[in-house]
Each structure stands twice: as C-alpha cells, then as structure tokens.
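Undergrad: The structure under discussion is supplied below as structure tokens; questions concerning it will follow.
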Amino acid sequence: AAGASGGNDSYDFVVVANRLPVDRAQGPQGPEWRQSPGGLVTGLAPVMKRRSGAWIGWTGAPDEEIEPFDLDDMHLVPVRLSTDDVYSYYEGFSNATLWPLYHDVIVPPEFHRKWWDAYVRVNTRFARAAAASAAPGALVWVHDYQLQLVPGILRELRPDVKIGFFNHIPFPPYEIFAQLPWRRRILIGLLGADLVGFQRPSDTANFRRAVRRTLGYLARNSVVRVPASQQSPEHLCETGSFPISIDAGAMDALARDERIRKRAEEIREEVGNPRTLILGVDRMDYTKGIRHRLKAYEELLEDGRLSTESTTFIQIATPSRERLDYYKQIRRDVELAVGRINGDHSALGKAAVHYLHQSFPREEMAAFYLAADVMLVTALRDGMNLVAKEYVACRVEEDGVLVLSEFTGAADELRQALLVNPHDIAGLKNAITQAVHMTPEEAGRRMRRLRSKVRHDDVLQWASTFLDRLQMVGEQRERTHSV
Ligand code: ADQ
39 AAGASGGNDS
49 YDFVVVANRL
59 PVDRAQGPQG
69 PEWRQSPGGL
79 VTGLAPVMKR
89 RSGAWIGWTG
99 APDEEIEPFD
109 LDDMHLVPVR
119 LSTDDVYSYY
129 EGFSNATLWP
139 LYHDVIVPPE
149 FHRKWWDAYV
159 RVNTRFARAA
169 AASAAPGALV
179 WVHDYQLQLV
189 PGILRELRPD
199 VKIGFFNHIP
209 FPPYEIFAQL
219 PWRRRILIGL
229 LGADLVGFQR
239 PSDTANFRRA
249 VRRTLGYLAR
259 NSVVRVPASQ
269 QSPEHLCETG
279 SFPISIDAGA
289 MDALARDERI
299 RKRAEEIREE
309 VGNPRTLILG
319 VDRMDYTKGI
329 RHRLKAYEEL
339 LEDGRLSTES
349 TTFIQIATPS
359 RERLDYYKQI
369 RRDVELAVGR
379 INGDHSALGK
389 AAVHYLHQSF
399 PREEMAAFYL
409 AADVMLVTAL
419 RDGMNLVAKE
429 YVACRVEEDG
439 VLVLSEFTGA
449 ADELRQALLV
459 NPHDIAGLKN
469 AITQAVHMTP
479 EEAGRRMRRL
489 RSKVRHDDVL
499 QWASTFLDRL
509 QMVGEQRERT
519 HSV
C-alpha cells in the first residue's frame, strides 16, 4: 500500500530498528507497554517530539500480530516475526552469521542459505512498513546490522525519502567481510542510503574499501558514486563516522542523587567494605572479553599481587541470546571460572568474585558505577561500548580508574583511560595493578579529562549531528535529481 505519496498515516521522521523501544509491563488495568530505557530512544525522543515521528520494529515476541499504537509522542508500528523468522533471520543470520563475522570472527560465523532467505524476507517486510509510514520527502533512519538491506529496498519503493543508515557494531576489514557469500547484496543494500554512518573512522574506511573491492564503485573522499540500476537513477552515498554516546547529563544527575549515593555505600558494605572494588558490566557475550578479565584477576590473586583481604570484584553479566550455542558456551566458561576462583580464593564472607547474571534498573546500575574504584572494560571487539562512558559520567567526584580495551570504539575518544590489549594477559594484569595503586592525583587528572569528553558529546548531539547531515545530503540529491 506504499505509494510515492505515502500511506494513510504519514510521518516525516521514521526510525527503523529491529526492536521497538518498548517493554511489556503489568499496569493497573492489565498488561501495557512502557518505554524501555535504551540509549537510542533517549537520543531520538526529542526529535520524535519535534517532528511527527514513527518507529518501526519488532516487539520481541514471535507470532504476534499487533496493530500500530501511540506511546509518549511516538507512533509505534510493530513488525511481525514468525517463530521461523526469529530462528533464521534474528538468531541465525543476524546473530550467528553477521555478529561473529563483524566482530573479527572471535567465534566462527555460520553461513546458511535458508537464513539468508529469511534475512531478505524480513528486511523486505521492514522496508515495506517504512515505505507505508513515511510522508513525502520524510527522513528515514535505519539502524544496525539486522537491517542492512532496508535502505536499498526502500529506495526502490520510495525514491522521494531521505534514507540514513547507522551501524552500531564494527564494520570488519575486507579480508573478513569477503567471506560472506552475499557480500555484494549487503553492500548494495547499504548503498541505497543517502548517508551511511559508522562508530569509528576505521569502520568507515573498511566499508569504503569493501565497496571498492567488491563492487568497483569509486569513492571520492567520503562519497560513493552509486551507478544507476534498473530501478533507480545514479545517486551519491555519503559515508562517515558518528560515534554514539550516552545521556551524560541524566547519568551525572543520578550519580548526585542522595538515594543512589546511599545505595552505592550499601553495595560497598554488602561486599565487605573492601579497599578496592573492581567492577565489570557486560551483556553475556563472547565479544566482551569476560574470560580474559577473569583470567587476569585469578592470576593476580595467585601471584599474591592482589588479595581478597583488600580487593573484591563484581561481575555483572546481563542474560543475552541464550538459545545460541556460543552464548551457552560463554556462560558455562564464565561460570566455571568464577566457581574456580571463588573455590580457590574466597573466605567465608569474603568472596573473590561476586557474579550477577541479572538485569538491573538504571538507578541500580548508577549505584554500582558509583561504588566501583576500578572499572574493567576488556572487550575483544566492540562497536563503541557505552558502559565505559556510563562509568565516567557517574564519577562526579572525579575519581575512579577506567581500564579500557583498545578494541572498543570508545578507546578512540577516551584516551586518558588505561588502554589495554585484552589478549595480552600479562599487560592486562599490569594495567589492573596500576589502576588499583594509582595515586588520587593521577586518577583525578585522568578522570577530569575523560569527564569533559563524555560531557561534551552526548547522545542528543549524536542524533542531531547525524540527522542534520542526512537532511543536507538528502536536499543535495533532491536538487540534482528533482524527484
Ligand atoms: P551492547 O553490545 O549491548 O551494544 P554497550 O554499548 O556496552 O554494549 O551497551 C550495553 C548497555 O546495556 C549499557 O547501557 C549498559 O548500562 C546496559 N547494561 C549492561 N548490563 C546491564 C544489566 N545487567 N542491567 C541493566 N543494564 C545493563 C551495541 C554495540 C556497542 C554499542 C551499542 C550502542 O555492541 O558497541 O556501543 O550497541 O551503539
């Protein structure tokens, strides 16, 4: 039902993402939807309010047919996924093919033609829903690796709209990307956009190189010239890096809240008032380097360089993608290591590792960040890593030490962290020791610079920078093609 004039409901700002920004909750009148506290919706909510905005995505449950509905200034359009779509498109192609491939093949990606067929089918469904919701000339912003074909399909359906795409995860080096049997189709899908954005300049460079090597399209500076196809005229696709951030102001305010400060003190007491509290916070994912971190900590206890008399470690790991084999395996590996470390090094009432495989509200997360003297972010590969920025935003006293993997996008910006290569266990041990013993003067000097960085570019600025750029390149295209 999509025509060049848009459907019955026409929105001039349309977000397309795998998930809708809502969770099901129990309200006074029975089940209802609540806005979920994700970073993306925080960044986009003001734009949604200012323009008439729609968000297209999946509710998270299979086989549900739900009519579009309105919530907090947003029009939400649920896209249905069948049980087989969830298995083949979401858990399969998105999370067992693309996710490991785009994260440096930490585990081997699986290539299955049936999964690819489901990816094409579901991407087409999302693109049609976007085409039916967008007003003439609307801005459409497509998010992440699950939806890389949407820009190309949408451009054919609606040549009048301005299409932006942002990839939240890394874009891999060509030699890795080239393994993908459908590499041409993915690149052509992405190049349907007017603007394709990545977290870091190296991702952008990898993408441009893949386009040149795979398709032979020429890029001048940041702009790729996409030749005409049977469906669309020639157009330009701009590429660039737009490092995502957090709502730093909101985090800072939480960390100054009396109740949360009290809760942070309680947390320290509950773990036995150690001199040094070390913290790790991640989705339970093999990209996050949780095993490497535990190994380094275990060896430090064995060597006697750290002692459970004065130090404890809290590892929070959110349950994630639990039906996939490699996720079951990383959970087993982590739990085995935690059990071994505690068996060897804990005393009654003095655990070496406190391990929480749970999700917490924002307020509790802020209290953990506030309670921790040392934060360990040791991802083997990570698009950005918001945890690192959240920790910095919560350190309102300008103390605390961030140990940060150089393989995160955040490492490009947070240069005053202790940067580590998590594969180098000896180096990681030294960095943890350095963090534990750092003088307050040096920690303060580093934290002040980190904080000014995180304060200056927050998620609102990220969203408006991307959308301003999209508006500009979209208008340039209108002028040259007068569609
Ligand atoms: P993720 O891989 O999920 O995101 P990250 O950027 O660290 O990684 O974001 C995780 C978010 O979940 C943080 O906001 C954190 O506070 C929250 N969180 C983690 N554990 C939690 C728990 N137990 N309870 C409650 N909240 C918890 C992907 C990419 C990243 C990129 C982001 C955004 O992999 O590289 O930074 O998208 O683009």
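With UniProt numbering as the guide, the letters of the sequence shown map in order to residues 39 to 521.
Built from N, CA and C at the ideal position, the CB exists for glycine as well.
For the beta strand (DSSP E) that contains residue 388, what are its first and last residues?
TA: Working through the sequence shown from its first residue, we reach residue 388 at position 350. It is not in any beta strand (DSSP E) - residue 388 carries neither H nor E in the DSSP assignment.
Undergrad: Just to check my reading of the structure: residue 390 and residue 332 have Cβ atoms closer than 8 Å, yes? What is that Cβ distance to the nearest angstrom?
TA: Numbered from its first residue, the sequence shown carries residue 390 at position 352. Numbered from its first residue, the sequence shown carries residue 332 at position 294. Incorrect: roughly 10 Å between the Cβ atoms, too far for contact.
Undergrad: Are residue 188 and residue 165 close, meaning C-beta to C-beta below 7 Å?
TA: Taking the sequence shown and counting its residues from 1, the one referred to as residue 188 is at position 150. Taking the sequence shown and counting its residues from 1, the one referred to as residue 165 is at position 127. Yes. Within cutoff.
Undergrad: By how many angstroms is the C-alpha of residue 475 removed from the C-alpha of residue 308?
TA: Within the sequence shown, the letter at position 270 stands for residue 308. Within the sequence shown, the letter at position 437 stands for residue 475. Residue 308 and residue 475: Cα-Cα distance of roughly 23 Å.
Undergrad: I'd like to know whether the C-beta atoms of residue 283 and residue 495 end up nearer to each other than 7 Å.
TA: Here residue 283 refers to the residue found at position 245 when the sequence shown is read from its first residue. Here residue 495 refers to the residue found at position 457 when the sequence shown is read from its first residue. Yes.
Undergrad: Taking the straight line between their C-alpha atoms, what separation do you get for residue 140 and residue 67?
TA: What you label residue 140 is simply residue 102 of the sequence shown in a count that begins at 1. What you label residue 67 is simply residue 29 of the sequence shown in a count that begins at 1. Approximately 44 Å between the Cα atoms of the pair.
Undergrad: Please report how far the alpha carbon of residue 384 lies from the alpha carbon of residue 348, in whole angstroms.
TA: The residue given as residue 384 occupies position 346 in the sequence shown. The residue given as residue 348 occupies position 310 in the sequence shown. One C-alpha to the other measures close to 12 Å.
Undergrad: Under 8 Å: do the stretch 157 to 164 and the stretch 202 to 211 share three or more Cβ pairs, one atom per stretch?
TA: Segments in contact, no.
Undergrad: Beta-carbon within less than 8 Å of residue 120's beta-carbon, same chain only, minus the 5 sequence neighbours each way: which residues are those?
TA: One-based indexing of the sequence shown puts residue 120 at position 82. Cβ within range, chain order: 100, 101.
Undergrad: By Cβ distance, which residues of its chain are closer than 8 Å to residue 406, with the 5 residues on each side in sequence left out?
TA: By one-based count along the sequence shown, residue 406 stands at place 368. These residues qualify, in order along the chain: 302, 305, 317, 319, 352, 354, 398.
Undergrad: The ligand ADQ and residue 80: does any heavy atom of the ligand fall closer than 6 Å to the residue's C-beta?
TA: Walking along the sequence shown from the start, residue 80 turns up at place 42. No, Cβ of residue 80 sits at least 6 Å from all heavy atoms of the ligand ADQ.
Undergrad: Which runs of the beta strand (DSSP E), 3 residues or longer, sit entirely within the stretch 55 to 108?
TA: Whole beta strand (DSSP E) segments, 3+ residues: 60 to 65, 68 to 73, 91 to 96.
Undergrad: Less than 7 Å between the beta carbons of residue 199 and residue 231, yes or no?
TA: Within the sequence shown, the letter at position 161 stands for residue 199. Within the sequence shown, the letter at position 193 stands for residue 231. Result no, Cβ atoms of residue 199 and residue 231 do not sit closer than 7 Å.
Undergrad: Check the DSSP bridge columns for residue 200 and list the partner residues they point to.
TA: Within the sequence shown, residue 200 is the residue found at index 162, counting from 1. Answer by DSSP bridge pairing, in chain order: 177.
Undergrad: Under 6 Å Cβ to Cβ from residue 365, same chain only, skipping five residues before and after it: list those, please.
TA: On the sequence shown, residue 365 is found 327 positions in, with the first residue counted as 1. If we look at residue 365 and ignore the five residues flanking it on each side, its Cβ neighbours are 359.
Undergrad: Using a 10 Å radius around the Cβ and a threshold of 16 neighbouring Cβ atoms, would you call residue 196 buried or exposed?
TA: Taking the first residue of the sequence shown as position 1, residue 196 is located at position 158. The residue in question, residue 196, is buried, as its Cβ has 16 or more Cβ neighbours within 10 Å.
Undergrad: Go through its chain and collect everything with a Cβ distance to residue 89's Cβ below 6 Å, but skip five positions before and after it.
TA: One-based indexing of the sequence shown puts residue 89 at position 51. Hits under 6 Å: 50, 51.
Undergrad: Got a sec, what are the start and stop residues for the alpha helix (DSSP H) residue 482 sits in?
TA: By 1-based counting over the sequence shown, the position of residue 482 is 444. Element bounds for residue 482: 478 to 494.
Undergrad: With residue 177 and residue 505 assumed to form a contact (beta carbons below 8 Å), what rounded beta-carbon distance in angstroms separates them?
TA: Start at 1 with the first residue of the sequence shown, and residue 177 comes out as number 139. Start at 1 with the first residue of the sequence shown, and residue 505 comes out as number 467. Correct: roughly 6 Å between the Cβ atoms.
Undergrad: When the Cα atoms are used, what is the spatial distance from residue 521 to residue 154?
TA: For the purposes of this step, residue 521 is identified with residue 483 of the sequence shown, where counting begins at 1. For the purposes of this step, residue 154 is identified with residue 116 of the sequence shown, where counting begins at 1. For residue 521, the pLDDT reaches just 49, beneath the cut-off of 50, and the residue's location in the model is therefore unreliable, although a value from the coordinates is still provided. Whole-angstrom Cα-Cα distance: 33 Å.
Undergrad: If you check the beta carbons only, do residue 415 and residue 442 fall under 7 Å apart?
TA: What you label residue 415 is simply residue 377 of the sequence shown in a count that begins at 1. What you label residue 442 is simply residue 404 of the sequence shown in a count that begins at 1. Cβ distance < 7 Å, so residue 415 and residue 442 count as in contact.
Undergrad: Quick one: give me the first and last residue of the beta strand (DSSP E) that residue 114 is part of.
TA: Your numbering for residue 114 matches position 76 in the sequence shown. From DSSP, the beta strand (DSSP E) with residue 114 extends over 112 to 116.
Undergrad: Given the structure, does residue 47 come close to the ligand ADQ, in the sense that its CB is under 6 Å from one of the ligand's heavy atoms?
TA: Here residue 47 is taken as the residue at index 9 of the sequence shown, counted from 1. Result no, Cβ not under 6 Å from the ligand ADQ.
Undergrad: For residue 411, name the three-state secondary structure that DSSP assigns.
TA: Taking the sequence shown and counting its residues from 1, the one referred to as residue 411 is at position 373. Of the three classes helix, strand and coil, the one that applies to residue 411 here is coil, per DSSP.
Undergrad: Let me know the secondary structure DSSP gives residue 368 once reduced to three states.
TA: The residue you call residue 368 lines up with position 330 of the sequence shown. Residue 368 falls in the helix class under three-state DSSP.
Undergrad: Under DSSP, the alpha helix (DSSP H) around residue 190 begins and ends at which residues?
TA: For this step, residue 190 is matched to residue 152 along the sequence shown. That run of the alpha helix (DSSP H) goes 188 to 195.
Undergrad: What residues match up with residue 49 in a beta bridge as DSSP calls it?
TA: Start at 1 with the first residue of the sequence shown, and residue 49 comes out as number 11. According to DSSP, residue 49 bridges with 172.
Undergrad: How should residue 462 be labelled, buried or exposed, when 16 other C-beta atoms within 10 angstroms of its C-beta is the threshold for buried?
TA: Within the sequence shown, numbered from 1, the residue matching residue 462 stands at position 424. Exposed is the call here.
Undergrad: Between residue 518 and residue 233, what straight-line distance do the alpha-carbon atoms span, to the nearest angstrom?
TA: The residue you call residue 518 lines up with position 480 of the sequence shown. The residue you call residue 233 lines up with position 195 of the sequence shown. Each residue's Cα considered, the two are about 16 Å apart.
Undergrad: Can you find a heavy atom of the ligand ADQ that lies under 6 Å from the Cβ of residue 207?
TA: Working through the sequence shown from its first residue, we reach residue 207 at position 169. Residue 207 Cβ: within cutoff of the ligand ADQ.
Undergrad: Flag residue 321 as yes when its Cβ comes closer than 6 Å to any non-hydrogen atom of the ligand ADQ, and as no otherwise.
TA: Translated into positions along the sequence shown, residue 321 becomes position 283. Yes.
Undergrad: Applying the 10 Å Cβ sphere with the 16-neighbour rule, what's the burial state of residue 502?
TA: Walking along the sequence shown from the start, residue 502 turns up at place 464. Looking at its Cβ environment, which holds fewer than 16 other Cβ atoms inside 10 Å, residue 502 is exposed.
Undergrad: Going straight from the alpha carbon of residue 297 to that of residue 312, what length do you get?
TA: On the sequence shown, residue 297 is found 259 positions in, with the first residue counted as 1. On the sequence shown, residue 312 is found 274 positions in, with the first residue counted as 1. Computed Cα separation, rounded: 21 Å.
Undergrad: The ligand ADQ and residue 425: does any heavy atom of the ligand fall closer than 6 Å to the residue's C-beta?
TA: Mapped onto the sequence shown, residue 425 falls at position 387. Checking every heavy atom of the ligand ADQ against the Cβ of residue 425, one is found closer than 6 Å.
Undergrad: Return the CA-CA distance between residue 427 and residue 266, expressed in angstroms with no decimal places.
TA: Translated into the one-based positions of the sequence shown, residue 427 becomes position 389. Translated into the one-based positions of the sequence shown, residue 266 becomes position 228. Rounded to the nearest angstrom, the two C-alpha atoms are 42 Å apart.
Undergrad: Pairs of beta-carbons, one from the stretch 76 to 91 and one from the stretch 124 to 136, closer than 8 Å: are there three or more?
TA: Taking 8 Å as the limit for Cβ pairs, the verdict is that the stretch 124 to 136 does not touch the stretch 76 to 91.
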